[in-house]
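Heads up: the structure comes next, in structure tokens.
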Amino acid sequence: MPTQPIKLYYLPPSPPCRSVMMTARALGIDLELVLTNIMEGQHKTPEYIKMNPQHTIPTMDDNGFILWESRAIMSYFVNAYGRDDSLYPRNPRQRALVDQRLNFDLGTLYKRYMDLYVPMLFKGEAYNDEAAEKLNEALDWLNIMLGGRAFVAGDNLTIADISIVVTLSNLEAFGFDYSAHENVVKWFERTKKTLEPYGYAEIDQGGAHILASFLKKE
Ligand SMILES: N[C@@H](CCC(=O)N[C@@H](CS)C(=O)NCC(=O)O)C(=O)O
Numbered sequence: 009m010p011t012q013p014i015k016l017y018y019l020p021p022s023p024p025c026r027s028v029m030m031t032a033r034a035l036g037i038d039l040e041l042v043l044t045n046i047m048e049g050q051h052k053t054p055e056y057i058k059m060n061p062q063h064t065i066p067t068m069d070d071n072g073f074i075l076w077e078s079r080a081i082m083s084y085f086v087n088a089y090g091r092d093d094s095l096y097p098r099n100p101r102q103r104a105l106v107d108q109r110l111n112f113d114l115g116t117l118y119k120r121y122m123d124l125y126v127p128m129l130f131k132g133e134a135y136n137d138e139a140a141e142k143l144n145e146a147l148d149w150l151n152i153m154l155g156g157r158a159f160v161a162g163d164n165l166t167i168a169d170i171s172i173v174v175t176l177s178n179l180e181a182f183g184f185d186y187s188a189h190e191n192v193v194k195w196f197e198r199t200k201k202t203l204e205p206y207g208y209a210e211i212d213q214g215g216a217h218i219l220a221s222f223l224k225k226e
């Protein structure tokens with residue numbers, strides 16, 4: 009475990025912050041949480057920009073080692089502090105599948121979720137059927153990936169599940185109908201239960217409901 013607590017610059021509703029926080033809990037890492045309100049520009053101060061020129065949350069400071077991008081932080085946590093490699097397997101093929109799912113989430117699933125909801129959340133725009141269709145297509149791909157598997161990259165929970173579950177928690181809180189994707193529905197319920205000891209309801213569901221309240225204000 010680190011000599012001094014790892015600092016995590018975060019905001020409770022931020023999806024990538026939620027996945028990093030659940031990963032830390034699963035590994036027994038105590039984080040020093042530094043509330044960083046991006047709505048009030050706390051990520052644009054000279055000190056923050058010096059630390060992370062891209063001014064995103066989450067950003068981690070492990071005794072002077074600075075890292076951002078949630079999926080990179082999750083991998084680092086397992087590599088540096090995991091008692092075993094189950095959340096991010098060392099076996100090349102198993103790890104490759106986890107990496108593929110993480111990249112699928114970053115570049116496709118979460119991206120399409122953002123393409124639909126960011127304009128509604130922060131610009132007051134209307135629901136876009138074309139963006140919803142694209143999101144459904146990505147959920148269908150996830151459904152196929154889950155065929156014959158309990159978790160997204162195999163039989164055990166990995167950081168790919170912890171990344172992807174956050175997107176599903178948002179869709180559930182926003183009332184998006186994903187019920188046609190049967191494997192996804194079953195996996196989501198299984199992953200929620202698996203993550204419950206690591207703060208699923210508090211961190212992930214709680215954060216998603218804060219985001220959903222922004223949606224209702226529009
Ligand atoms: N791909 C990044 C996304 C980080 C990100 O864009 N976070 C948002 C909050 S959810 C943010 O910091 N927005 C403020 C900004 O980009 O200036 C990750 O997974 O960490």
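Basically my numbering = 1-based index in the sequence shown + 8.
Backbone N, C-alpha and C define an ideal beta-carbon position, used for all residues, glycine too.
Residue 43 has 18 as its beta-bridge partners, per DSSP.
Around the beta carbon of residue 99, a 10 Å sphere encloses fewer than 16 other beta carbons of the protein chains shown; the residue is thus reported as exposed.
Residue state for residue 74 is assigned as strand, using DSSP reduced to three classes. Under the three-state reduction of DSSP output, residue 185 falls in the coil class, being neither helix nor strand. Remark: C-beta atoms of residue 174 and residue 79 do not approach each other more closely than 7 Å. Look at residue 36 here: in three-state DSSP terms it is coil, with no helix or strand label. Nearest to residue 87 by alpha-carbon distance, out of 32, 105, 141 and 128, is 32. With respect to the 7 Å criterion, residue 126 and residue 161 are not classified as neighbours on the basis of their beta carbons. A distance criterion of 6 Å places the beta-carbon of residue 217 beyond contact range of ligand 1, judged by its closest non-hydrogen atom. Annotation: the continuous alpha helix (DSSP H) that includes residue 191 extends over 190-203. Residue 61 sits away from residue 16, with the two beta carbons spaced by 7 Å or more. Rounded to whole angstroms, residue 42 and residue 192 show a C-alpha spacing of 33 Å. Rounded to the nearest whole angstrom, the C-alpha separation of residue 180 and residue 190 is 14 Å. Residue burial is scored here from C-beta neighbours: residue 178 has at least 16 other C-beta atoms within 10 angstroms and is therefore classed as buried. With a threshold of 6 Å, the Cβ atom of residue 61 does not count as near ligand 1, since no heavy atom of the ligand is closer than that.
Residue 166 carries a coil assignment under DSSP once its states are collapsed to helix, strand and coil.
At the C-beta level, residue 55 and residue 13 stay beyond 7 Å of one another.
The secondary-structure analysis by DSSP pairs residue 68 across a beta bridge with 16 and 75.
Under the DSSP definition of a beta bridge, residue 159 partners with 162. A straight-line Cα-Cα distance of about 5 Å links residue 34 and residue 206.
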